[in-house]
Amino acid sequence: LEGMRSMYWWDGAVEEDSETVLIAKSRAALLDTLTERVRALHSYDCPCVVALPIEAGNAGFLEWIGAETAGR
Numbered sequence: 002l003e004g005m006r007s008m009y010w011w012d013g014a015v016e017e018d019s020e021t022v023l024i025a026k027s028r029a030a031l032l033d034t035l036t037e038r039v040r041a042l043h044s045y046d047c048p049c050v051v052a053l054p055i056e057a058g059n060a061g062f063l064e065w066i067g068a069e070t071a072g073r
């Protein structure tokens, strides 16, 4: 998602900057691997990586995610 603005507290001051938001769809079991990869590639010292629980959804899509990420 391009065109995002972020305001945050950093090193004792409020900062504002443009950001691009990445939405990655995966399984909870892969969160640590995904987080480490983002941290390795991102320019921030502390990039925002959060996980949102999936309570319901398109069964076909959820099955596809499971199949595509199986064995990883």
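Take 2 as the starting number for the sequence shown in the working numbering and just add one per residue.
Where a beta carbon is used, it is the ideal one built from N, C-alpha and C, also for glycine.
Helix, strand or coil: how does DSSP classify residue i here?
i   : result
E64 : helix
R73 : coil
A41 : helix
Where do the ends of the beta strand (DSSP E) carrying residue i lie?
i   : result
R6  : 5-11
V15 : 14-20
Rounding to the nearest angstrom, what Cα-Cα distance links residue i and residue j in this structure?
i   : j   : result
A71 : A41 : 23 Å
P54 : S7  : 23 Å
C47 : G61 : 35 Å
A14 : W65 : 44 Å
Would you say residue i and residue j are within 9 Å of each other, going by their C-beta atoms?
i   : j   : result
V50 : L35 : yes
L32 : R73 : no
R38 : G67 : no
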